[in-house]
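Before any comments, here is the structure.
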Amino acid sequence: MEPLRVFSDHVEILDQRQLPQAVRYFNAHRASDVVEAIRTLAVRGAPAIGIAGLYGLWLEARYLAEAGESGFMDKLLVAAQQLRHVRPTAVNLSWAIDRALGRLTPGPADEVVTRLRDMADTLRQEEEERNARMAQLGAQLLPNRDSRVLTHCNTGSLATVGVGTALGVIREGYRQGRVAMVWVDETRPLLQGSRLTAWELLQDQIPATLITDSMAAGLMQQGQVDAVFVGADRIALNGDTANKVGTYGLAVLAQYHRIPFYVVAPVSTIDEHIASGQDIPIEERQADEVRLIRGVPIAPEGMAVKNPAFDVTPYALISAIITDRGVVYPPFDQKLRQLLEEDRHA
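As numbered in my numbering, residues 31 to 376 make up the sequence shown, in order.
In structure tokens:
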């Protein structure tokens with residue numbers, strides 16, 4: 031299932047808010063349509079929103095060029111800023127927009143449109159290739175054949191446009207006979223695990239069992255988890271990692287129970303401007319995401335809510351970071367800088 035379908039004059043975006051009950055796409059014609067899709071989590075997952083953002087920039091350039099409006103580049107830059115700031119924690123979005131703007135050269139509007147489309151298509155292809163490399167590297171780290179692995183949130187095709195990051199490793203591990211079963215955290219409050227990851231695993235016919243987030247500790251205590259694989263929305267230079275809220279708790283549990291805890295993310299998720307997790311901005315989302323489930327109240331009206339979308343896992347709790355340029359073990363700082371430098375000159 032593709033989160034994005036690209037046509038000559040628009041992009042179809044899979045509305046992930048409707049899954050698993052319905053598979054529905056809606057059309058995006060301008061950057062504002064993509065901004066709204068990202069803001070409302072119709073499209074989500076750090077790599078996927080980076081790609082969606084770049085296609086959104088192409089759509090806006092196309093619209094402005096066809097409208098023949100004056101100030102083409104100025105208006106395009108305004109749209110770029112709206113896109114790059116719509117979700118502040120996931121660095122892939124700003125990375126994709128900034129990389130595109132850095133590679134644009136002055137020229138006629140129609141040439142800018144063509145160049146942006148080419149860059150978006152290239153980024154999408156690169157993302158698929160990165161996912162495939164990470165899947166191969168990560169599968170080699172599975173502790174034994176018939177492993178029971180636990181994952182959090184959704185890191186599959188819906189979040190990346192490839193086979194996935196953490197879920198890509200699990201898919202490849204299952205193909206190799208190294209994964210026997212997957213424990214799927216439901217991932218409160220928006221249930222990306224139960225709605226999306228469980229759905230993807232069922233599509234692939236990979237044995238999986240859904241659990242509430244609070245069940246992970248008991249399973250680890252009982253010796254029923256052999257490894258934990260999660261994705262990332264931003265990685266600081268020291269290895270501190272921001273991911274879907276609840277990830278930090280899993281890392282603490284994994285360390286206590288001596289279970290390997292792996293982060294799977296492309297090099298584009300490493301933020302060279304962030305020294306540690308203390309500097310990572312954490313998105314605070316609407317209170318009703320916690321008060322309601324699919325519009326049904328589960329808390330008293332007006333109840334105060336804290337709803338950070340992410341938490342930060344300190345590098346000391348991470349066994350390894352699996353990137354498209356190799357597996358990095360602690361200490362992370364110099365090795366992550368080296369990967370960024372290699373990627374810059376690739």
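C-beta: ideal position from N, C-alpha, C; glycine also.
Notebook entry, point to check: Could you give the distance in angstroms between the alpha-carbon of Ala262 and the alpha-carbon of Leu89?
Noted result: Against the sequence shown, residue 262 aligns to sequence position 232. Against the sequence shown, residue 89 aligns to sequence position 59. Straight-line Cα distance between these residues: approximately 27 Å.
Check: Could you check where the alpha helix (DSSP H) with Lys274 kicks off and where it finishes?
Finding: Residue numbering aside, residue 274 sits at position 244 when the sequence shown is read from its first letter. Taken as a continuous stretch (DSSP letters only), Lys274 belongs to no alpha helix (DSSP H), being part of the beta strand (DSSP E) at Thr271 to Lys274.
Notebook entry, point to check: What number of angstroms, rounded off, separates the C-alpha of Leu84 from the C-alpha of Met149?
Noted result: In the sequence shown, residue 84 corresponds to position 54, counting from 1. In the sequence shown, residue 149 corresponds to position 119, counting from 1. In a straight line, the C-alpha of Leu84 is about 8 Å away from that of Met149.
Margin query: Looking only at its chain, what residues have a beta carbon closer than 7 Å to the beta carbon of Glu142, apart from the 5 residues adjacent to it on each side?
Written below: Here residue 142 is taken as the residue at index 112 of the sequence shown, counted from 1. What sits at residue 142 in the sequence shown is Val, not Glu. The answer, listed in chain order, is Ala91 and Leu134.
Check: Going along the chain, which residues of its own chain have a beta-carbon closer than 8 Å to the beta-carbon of Pro338, five neighbours each way excluded?
Finding: One-based indexing of the sequence shown puts residue 338 at position 308. Cβ neighbours of Pro338 beyond the five flanking positions: Val275, Ile312, Glu313, Glu314 and Arg315.
Check: What's the C-alpha gap between Gly307 and Gly101?
Finding: To locate residue 307, count along the sequence shown from 1; it is residue 277. To locate residue 101, count along the sequence shown from 1; it is residue 71. Each residue's Cα considered, the two are about 39 Å apart.
Check: For Leu283, which three-state DSSP category applies?
Finding: Counting from one through the sequence shown, the residue named residue 283 turns up at place 253. Helix, per DSSP.
Item checked: Beta-carbon separation (whole angstroms), Pro173 vs Val212, contact threshold 8 Å -> By one-based count along the sequence shown, residue 173 stands at place 143. By one-based count along the sequence shown, residue 212 stands at place 182. Contact doesn't hold; Cβ gap of about 15 Å is too wide.
Next item on the list: Would you give the residue range spanned by the alpha helix (DSSP H) that Ser187 belongs to?
Entry: By 1-based counting over the sequence shown, the position of residue 187 is 157. Counting along the chain, the alpha helix (DSSP H) containing Ser187 begins and ends at Ser187 to Thr190.
Notebook entry, point to check: Who are the near neighbours of Glu158 in its chain, counting only those whose CB is closer than 7 Å to its CB and skipping five residues on each side?
Noted result: What you label residue 158 is simply residue 128 of the sequence shown in a count that begins at 1. Result list for Glu158: Val191 and Gly192, in chain order.
Next item on the list: For the alpha helix (DSSP H) containing Glu141, list its first residue and its last residue.
Entry: Position 111 of the sequence shown, counted from the first residue, corresponds to residue 141. Where Glu141 is concerned, the enclosing alpha helix (DSSP H) stretches over Ala139 to Ala169.
Notebook entry, point to check: What whole-angstrom Cβ distance do Ile310 and Ala281 have, given they're in contact under 8 Å?
Noted result: Here the question's residue 310 lines up with position 280 in the sequence shown. Here the question's residue 281 lines up with position 251 in the sequence shown. Ile310 to Ala281, Cβ: 15 Å. No contact.
Notebook entry, point to check: Taking Cβ positions, are Thr217 and Val297 nearer each other than 7 Å?
Noted result: On the sequence shown, position 187 is the one that residue 217 refers to. On the sequence shown, position 267 is the one that residue 297 refers to. Contact: no.
Next item on the list: For Asp104, count neighbouring C-beta atoms within 10 Å of its own C-beta (all shown protein chains included) and say buried if the count is 16 or more, exposed if not.
Entry: Walking along the sequence shown from the start, residue 104 turns up at place 74. Classification of Asp104: exposed, given that the 10 Å Cβ count is below 16.
Margin query: Pop quiz: Arg201 and Gly207 are said to be a contact at Cβ under 8 Å. What is the actual Cβ separation, rounded to whole angstroms?
Written below: As a position in the sequence shown, residue 201 is number 171, starting the count at 1. As a position in the sequence shown, residue 207 is number 177, starting the count at 1. About 13 Å separates the two Cβ atoms, so there is no contact after all.
Checklist line | Run of the beta strand (DSSP E) containing Val212, from where it starts to where it stops | finding: In the sequence shown, residue 212 corresponds to position 182, counting from 1. Looking at the DSSP string, the run of the beta strand (DSSP E) that includes Val212 is Val209 to Asp215.
Note to self: What does the Cβ neighbour count give for Arg374, buried or exposed, with the cut at 16 atoms within 10 Å?
What the structure shows: Sequence index remark: in the sequence shown, residue 374 carries index 344 (1-based). Its Cβ having fewer than 16 others within 10 Å, Arg374 is exposed.
Next item on the list: Evaluate Ile328 with the Cβ neighbour count: other Cβ atoms within 10 Å of its Cβ, from every protein chain shown; 16 or more gives buried, anything less gives exposed.
Entry: If you number the sequence shown from 1, residue 328 lands on position 298. Exposed.
Next item on the list: Check whether the Cβ of Ile81 lies closer than 6 Å to any heavy atom of the ligand SAM, and answer yes or no.
Entry: Only the bare structure without any ligand can be found here, which leaves the ligand SAM out of the picture.
Notebook entry, point to check: What are the start and end residues of the beta strand (DSSP E) that includes Leu106?
Noted result: As a working mapping, residue 106 is identified with position 76 in the sequence shown. Run containing Leu106: none in the beta strand (DSSP E); it sits in the alpha helix (DSSP H), Phe102 to Arg114.
Checklist line | Outcome for Gly186 when other beta-carbon atoms lying within 10 angstroms are tallied against a minimum of 16 | finding: Counting from one through the sequence shown, the residue named residue 186 turns up at place 156. Buried, by the Cβ-count rule.
Item checked: 7 Å Cβ cutoff met for Gln254 and Arg175 -> Indexing the sequence shown from 1 puts residue 254 at position 224. Indexing the sequence shown from 1 puts residue 175 at position 145. For Gln254 and Arg175, no; Cβs fall outside 7 Å.
Margin query: Which of the three DSSP states is assigned to Glu32 in this structure?
Written below: As a first step, residue 32 must be located in the sequence shown, where it is residue number 2. Glu32: coil per DSSP, three-state reduction.
Checklist line | For Tyr85, the first and last residue of its enclosing alpha helix (DSSP H) | finding: The count along the sequence shown starts at 1 and reaches residue 85 at position 55. Here the alpha helix (DSSP H) through Tyr85 covers Ala76 to Ala97.
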